[in-house]
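Heads up, the thing below is written out as structure tokens.
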Amino acid sequence: MKFPYSLGWQSKRFLKLVLILVFLSGCSESPNDPTNIDPEVIIEEEEEEGYSTIELNLRVHLMQDITMVHPTGWIMESWVTPEDVTKTIMPELNSIWEKAGVHWNVESIIEENVVKGETYQESLVFIVNAVRNSNGNSDPERLPHLYSLMQPEHRSTEEQLEKNLFHIYLFPFIGNTSQGNAMSGFGYHSVVGTYTNKHNGGGVPEKTLLTESQSYFNRGSLSRTIAHEIGHVLNLNHNECNDRCLMGGINSDGYLLTEGQIITSRIEAVGRSFD
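Under our numbering, the residues of the sequence shown are numbered 643 to 917, in order.
Here's what the structure looks like:
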């Protein structure tokens, strides 16, 4: 299966525009011009006062009419409800992203039947058997199989990909020891699994926790995984901080964002928030 989108669609033009405006604002001939301000001072003052809120829209896809049988014999079906999304997941998601001044609104919750094409059963078998390689990388070949299960009419078109609409798809299972994937090669139609065996090294899958305490990372949660994958959509990468990190830490995982990650994600968020 081919990747349906090129990787060049992200709003790099907006980032360039921001950098140009910052450069121009620093070129005032008058030292007393209010635009001639050290960017570090602006950052410090904004942190003291709190970041202004950026509103972003999230479409949640609850994938239905799907039964996935793990090699251990464990049967996995959809179990997360719209009420779980509105009352548990979204408040936790916004609590995590509040530190960056980003607020997520539910654009819609779609209880979406999976596409059952000619390769449907083949795709399910491939996904439940997908494992990480010797370097710890998850199998990218499972991603087109997951994408093929999404209803095209509920996805963003290529022209809509830079606009204010983000996607998260909740499948029962997305691969062994894998909890989520941002799907960068598929228009960032991000996926998470409502069952996971990451915590037990690929054993019998268990229902993913909806939330856990942010003060102590143990197994992670569905809400954190969604927050993490959305971070990738907002241009964040793994291992850019050391401890208790939302995007994966060099030493430990958790719920924190660094100052640099906050700035990076806000630049992308602002660029998407106008549409």
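Yeah, the Cβ is synthetic: ideal placement off N, Cα and C, and Gly gets one too.
(message) Looking only at its chain, what residues have a beta carbon closer than 8 Å to the beta carbon of N747, apart from the 5 residues adjacent to it on each side?
(response) Residue numbering aside, residue 747 sits at position 105 when the sequence shown is read from its first letter. Excluding sequence neighbours, N747 sits near E697, L698, N699 and L700.
(request) Counting only the same chain and skipping the five closest in sequence on each side, list residues whose C-beta sits under 8 Å from that of E719. (result) Working through the sequence shown from its first residue, we reach residue 719 at position 77. Excluding residues within five positions, the ones whose Cβ falls inside 8 Å are I708, T709, M710 and P814.
(message) Please state the DSSP three-state secondary structure of V773.
(response) Position 131 of the sequence shown holds residue 773. Coil at V773, not helix or strand.
(message) For T730, which residues in the same chain have their Cβ closer than 8 Å to its Cβ, ignoring the five residues on either side in sequence?
(response) Within the sequence shown, numbered from 1, the residue matching residue 730 stands at position 88. L852, T853 and S865.
(request) Report buried or exposed for P673, applying the criterion of at least 16 other Cβ atoms within 10 angstroms of its Cβ. (result) For the purposes of this step, residue 673 is taken as residue 31 along the sequence shown, with counting starting at 1. Low per-residue confidence applies at P673: pLDDT is 37, beneath 50, and the placement is therefore not dependable enough to give any value.
(message) Please return the same chain residues whose Cβ sits closer than 6 Å to the Cβ of Y789, not counting the five positions on each side in sequence.
(response) The count along the sequence shown starts at 1 and reaches residue 789 at position 147. If we look at Y789 and ignore the five residues flanking it on each side, its Cβ neighbours are F828.
(request) Put G845 into one of helix, strand or coil per three-state DSSP. (result) Here residue 845 refers to the residue found at position 203 of the sequence shown. Here G845 sits in coil by DSSP.
(request) Work out the CA separation of Q706 and W721 for me, nearest whole Å. (result) Here residue 721 is taken as the residue at index 79 of the sequence shown, counted from 1. Here residue 706 is taken as the residue at index 64 of the sequence shown, counted from 1. Cα to Cα, the separation comes out at about 9 Å.
(request) For S863, collect the residues of the same chain with a Cβ closer than 8 Å to its Cβ; drop the 5 residues on either side in sequence, then sort them by chain order. (result) Translated into the one-based positions of the sequence shown, residue 863 becomes position 221. Annotation for S863: E734, T850, L851, L852, T853 and E854 place their beta carbon closer than 8 Å to its own, counting only its chain and skipping 5 residues before and after.
(message) By the DSSP assignment, the beta strand (DSSP E) with I708 in it spans what residues?
(response) Sequence index remark: in the sequence shown, residue 708 carries index 66 (1-based). Here I708 belongs to no beta strand (DSSP E), and DSSP marks it neither H nor E.
(request) Locate the beta strand (DSSP E) running through L888, then write down its first and last residues. (result) On the sequence shown, position 246 is the one that residue 888 refers to. Careful: L888 lies outside any beta strand (DSSP E) and carries neither H nor E.
(message) Measuring straight from C-alpha to C-alpha, what distance separates H874 and A911?
(response) Position 232 of the sequence shown, counted from the first residue, corresponds to residue 874. Position 269 of the sequence shown, counted from the first residue, corresponds to residue 911. The alpha-carbon atoms of H874 and A911 are separated by roughly 12 Å.
(request) Grab the span of the alpha helix (DSSP H) containing N818 for me, first residue to last. (result) Residue numbering aside, residue 818 sits at position 176 when the sequence shown is read from its first letter. Element bounds for N818: n/a, residue is neither H nor E.
(message) For G902, count the other beta carbons within 10 Å of its own beta carbon; 16 or more makes it buried, fewer makes it exposed. Which is it?
(response) Here residue 902 refers to the residue found at position 260 when the sequence shown is read from its first residue. G902 comes out exposed.
(request) Inspect the beta-carbon positions of N877 and T900 and report whether they are closer than 7 Å. (result) Residue numbering aside, residue 877 sits at position 235 when the sequence shown is read from its first letter. Residue numbering aside, residue 900 sits at position 258 when the sequence shown is read from its first letter. No. Outside cutoff.
(request) Go ahead and label I872 buried or exposed: buried means 16 or more other beta carbons lie within 10 angstroms of its beta carbon, across all protein chains shown. (result) Here the question's residue 872 lines up with position 230 in the sequence shown. It counts as buried.
(request) Take the Cβ of G913 as the centre, count every other Cβ of all protein chains shown within 10 Å, and call the residue buried at 16 or more, exposed below. (result) Residue mapping note: residue 913 aligns to position 271 of the sequence shown, counting from 1. So G913 ends up on the buried side.
(message) So, under 8 Å CB-CB, G817 and S832 are touching, yes? Tell me the CB distance rounded to an integer number of Å.
(response) Along the sequence shown, read from residue 1 onward, the residue named residue 817 stands at position 175. Along the sequence shown, read from residue 1 onward, the residue named residue 832 stands at position 190. Their Cβ separation, rounded to whole angstroms, is 14 Å, which puts G817 and S832 out of contact at 8 Å.
(message) Can you give me the C-alpha to C-alpha distance between H880 and T714, rounded to a whole angstrom?
(response) Position 238 of the sequence shown, counted from the start, is the residue given in the question as residue 880. Position 72 of the sequence shown, counted from the start, is the residue given in the question as residue 714. Going by the C-alpha atoms only, they are around 31 Å apart.
(message) So the candidates are E749, W716, T838 and K741; which of them puts its Cα closest to the Cα of V727?
(response) Mapped onto the sequence shown, residue 727 falls at position 85. It is E749.
(request) Give the range of the alpha helix (DSSP H) segment to which S750 is assigned. (result) Numbered from 1 along the sequence shown, position 108 holds the residue referred to as residue 750. For S750, no alpha helix (DSSP H) run applies; the uninterrupted beta strand (DSSP E) run containing it begins and ends at V744 to N755, by DSSP.
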